[in-house]
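Asks:
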Ligand SMILES: Cc1cc2nc3c(=O)[nH]c(=O)nc-3n(C[C@H](O)[C@H](O)[C@H](O)COP(=O)(O)OP(=O)(O)OC[C@H]3O[C@@H](n4cnc5c(N)ncnc54)[C@H](O)[C@@H]3O)c2cc1C
Ligand code: SF4
Ligand code: FES
Ligand code: FES
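Structure (structure tokens):
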């Protein structure tokens, strides 16, 4: 590990200023992703700016019914909050489907959204990776691509975003509160993470020095109260998603009044299935309609063929997972 | 050149002061600097749970914790769970149920179990909790396996570990 200095400011603006003054400084929250990458040599910061004193650990309800989650709230505390569990079940379920009890106690809300991909070539500083350096090629396209993207990828990167929480936040239309050098701003979660395009080094739209201060969950619509998270993985616990779905459904008189579908493990960002949602609104809440809708969404899929393991299997896996999850939300057996 | 930073933590009830390079993890500070070898280094990357300790009452991975970030913290290892050198009910349940073979993962398992039982008592849900909206958690075997999934055991003593945690939780 390269040497670095450590600072623990008492004001959020000082944390932002410290990063702005030093392009090689990084924020430290729970450290569960950053420390791993420091040891692996994936990042080599000059300075760590600990944000634990400047990010709130409170969950507060605003006058308009919004639930504001401080960026410092631990993942385990977020999942245990009774308001989150009752009003936004997909959010609690998504957190509980990820990592382990110890990691959820450490991981922060802000850090969770900023965690980097689990592409094994990204984590291995000895293999070329365009996300680590724009001068290098992508090793995954011709390599082990089993965990990689089927939607929205580019020539330069086929990585997926690993956060379970972020997928659920997309389904409930969360808003990310950010403090930057020019003041505070709000970014809808659907616009927070990026597709790789020709610059996969950037996972999100944040600029260096932008601090996530809170995540707002808007007052829940009926489809959000009736939501859940389903994750498919290689083992039953303590593994990243092959694919996942955060879904919410409101059915009136057998007809879909409102539906939310966000997919994990399929793209560089949590994938809001807007085509499927539009296809379902006003349609009967049946397996046939669910299947037709997600099939329409996946028409854009471009699976990666690779001798070391491709990812075409994700198309039927996502299809089945979405159909069974929506069936469960409609009152059937999932 | 690195400058060291002074750090003061409580380890198993005893106050310890030291200067650390900012790169030092809590695990390395405990093992290499303070000779507290109870927490073990398995993977050093957050994947095995062997380094689990309680920090301010919550189970965490000491290998992914920077020591400097925990100035003033109360750290408890498997060795300091019971007051005055006695043995903790979870430790006793591990002994009574043969919940280990080589024992390398055991200090982490025991700390994790203490944390998990406490989380369940406080009503914190897990992925195995049937009613997410409910307030009560029943620590059945499925719940215990899920809540302990962050602790790997290369000897695969899992069956007896679950039994030990079940027994300790019911006391
Ligand atoms: C073994 C293992 C298994 C895991 N399994 C899963 C899983 O199944 N599902 C899942 O979703 N996750 C999983 N994780 C990842 C875990 O959820 C993340 O590591 C964690 O959420 C990151 O949060 P943190 O607070 O520890 O972030 P840190 O490691 O402290 O920081 C991560 C990044 O975010 C930046 N950052 C931190 N806080 C802020 C802020 N407020 N504003 C701006 N930038 C910030 C940091 O600079 C850094 O770049 C796993 C991790 C491990 C080690
Ligand atoms: S998929 Fe992206 S992260 Fe993985 S090797 Fe290619 S460029 Fe790197
Ligand atoms: S040594 Fe910390 S989790 Fe493996
Ligand atoms: S008892 Fe040997 S690793 Fe668990």
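Protein chains in written order, with the UniProt record's numbering: chain A, 1 to 334; chain B, 1 to 171. Every residue gets a Cβ at the ideal spot worked out from N, C-alpha and C, and that includes glycine. Being a predicted model, the structure only gives us computed values, none of them experimental.
For residue 331 of chain A, does the count of other Cβ atoms within 10 angstroms reach 16, so buried, or fall short, so exposed?
Replies: Counting Cβ neighbours within 10 Å, residue 331 of chain A comes out exposed, since fewer than 16 surround it.
Asks: Measure the C-alpha to C-alpha separation of residue 203 of chain A and residue 116 of chain A and round it to an integer number of angstroms.
Replies: So the alpha carbons of these two residues sit roughly 8 Å apart.
Asks: Could you compute how far the alpha carbon of residue 165 of chain B sits from the alpha carbon of residue 61 of chain B?
Replies: Roughly 19 Å between the two C-alpha positions.
Asks: Against chain A, with Cβ distances strictly below 8 Å, would residue 22 of chain B count as a contact?
Replies: Yes, its Cβ sits closer than 8 Å to a Cβ of chain A.
Asks: Mind listing, in chain order, the continuous alpha helix (DSSP H) runs of no fewer than 4 residues lying wholly within the segment 144 to 220 of chain A?
Replies: Runs found: 164 to 171.
Asks: Give me the Cα-Cα distance between residue 19 of chain A and residue 168 of chain B, rounded to the nearest whole angstrom.
Replies: If I take the Cα positions, the gap works out to 47 Å.
Asks: Go through the residues and name those whose CB comes closer than 6 Å to any heavy atom of ligand 3, in chain order.
Replies: Those residues, listed in chain order, are B:41, B:42, B:43, B:44, B:46, B:47, B:48, B:49, B:50, B:51, B:61, B:63.
Asks: At least one CB of chain B closer than 8 Å to the CB of residue 32 of chain A: is that the case?
Replies: With 8 Å as the cut-off, residue 32 of chain A counts as an interface residue toward chain B.
Asks: Kindly indicate which three-state DSSP category residue 60 of chain A falls into: helix, strand or coil?
Replies: Looking at residue 60 of chain A - three-state DSSP - the assignment turns out to be strand.
Asks: From A:325, A:322, A:315, A:323, pick the residue whose C-alpha is nearest to that of residue 148 of chain A; which is it?
Replies: Residue 148 of chain A has its Cα closest to that of A:315, out of A:325, A:322, A:315, A:323.
Asks: Measure the CB-CB distance between residue 5 of chain B and residue 17 of chain B and report whether it falls below 8 Å.
Replies: Not closer than 8 Å, so no.
Asks: Do residue 99 of chain A and residue 92 of chain A come within 8 Å of each other at the CB atom, strictly closer than that value?
Replies: The answer is no: Cβ separation not under 8 Å.
Asks: Grouping DSSP H, G and I as helix and E and B as strand, with all else coil, what is residue 31 of chain B?
Replies: Residue 31 of chain B falls in the helix class under three-state DSSP.
Asks: Among the candidates A:209, A:118, A:79, whose CA atom is the shortest distance from the CA of residue 109 of chain A?
Replies: Nearest C-alpha to residue 109 of chain A: A:79.
Asks: Which same chain residues end up closer than 8 Å to residue 319 of chain A when comparing Cβ atoms and leaving out the 5 residues on each side of it in sequence?
Replies: Cβ within range, chain order: 291, 294, 295, 298.
Asks: Bridge partners for residue 27 of chain A per DSSP, in chain order?
Replies: Answer is A:49.
Asks: Can you say whether residue 48 of chain A is buried or exposed, counting buried as having 16 or more other CB atoms within 10 angstroms of its CB?
Replies: With 16 or more other Cβ atoms within 10 Å, it is buried.
Asks: Taking the CB atoms as reference points, tell me whether residue 43 of chain A and residue 160 of chain A lie closer together than 8 Å.
Replies: For residue 43 of chain A and residue 160 of chain A, no; Cβs fall outside 8 Å.
Asks: Name the chain B residues whose beta carbon is nearer than 8 Å to that of residue 316 of chain A?
Replies: Correct list: empty, because the minimum Cβ distance to chain B is about 24 Å.
Asks: For the beta strand (DSSP E) holding residue 3 of chain A, just list the boundary residues, first then last.
Replies: It is not in any beta strand (DSSP E) - residue 3 of chain A carries neither H nor E in the DSSP assignment.
Asks: Hey, residue 71 of chain A and residue 56 of chain A: beta-carbon distance below 8 Å or not?
Replies: A contact, by the Cβ cut-off of 8 Å.
Asks: Can the beta-carbon of residue 301 of chain A be found less than 8 Å from the beta-carbon of residue 150 of chain A?
Replies: The answer is yes: Cβ separation under 8 Å.
Asks: Are the segment 78 to 86 of chain B and the segment 125 to 135 of chain B in contact at 8 Å, needing three or more beta carbon pairs?
Replies: Touching, no, given that fewer than three Cβ pairs across the two stretches are closer than 8 Å.
Asks: What distance in whole Å lies between the Cβ atoms of residue 178 of chain A and residue 206 of chain A, which are believed to be in contact at a cut-off of 8 Å?
Replies: Contact flag correct, Cβ pair sits at about 7 Å.
Asks: Could you please give me the residues that DSSP links to residue 69 of chain A through a beta bridge?
Replies: Its beta-bridge partners are A:59, A:215.
Asks: Buried or exposed for residue 131 of chain A, going by 16 or more other Cβ atoms inside 10 Å?
Replies: Buried.
Asks: Report yes if the C-beta of residue 238 of chain A is less than 7 Å from at least one heavy atom of ligand 4; otherwise report no.
Replies: The answer is no for residue 238 of chain A.
Asks: With distance defined between alpha-carbon atoms, name the residue in B:47, B:80, B:52, B:68 nearest to residue 7 of chain A.
Replies: Residue 7 of chain A has its Cα closest to that of B:68, out of B:47, B:80, B:52, B:68.
Asks: Just how far apart, CA to CA, sit residue 244 of chain A and residue 264 of chain A?
Replies: If you take the alpha carbons of residue 244 of chain A and residue 264 of chain A, they lie about 5 Å apart.
Asks: Have a look at B:105, B:115, B:72, B:71 and flag the residue whose alpha-carbon is nearest the alpha-carbon of residue 88 of chain B.
Replies: Of the listed residues, the one whose Cα sits closest to residue 88 of chain B is B:115.
Asks: Name the residues in the segment 101 to 117 of chain A whose C-beta lies less than 7 Å from a C-beta of chain B; which are they?
Replies: From the segment 101 to 117 of chain A, only 101, 102, 103, 105, 106 have a Cβ closer than 7 Å to chain B.
Asks: Determine the chain B residues that contact residue 92 of chain A at a beta-carbon separation under 8 Å, and present them in chain order.
Replies: Within chain B, the residues near residue 92 of chain A are 125, 132.
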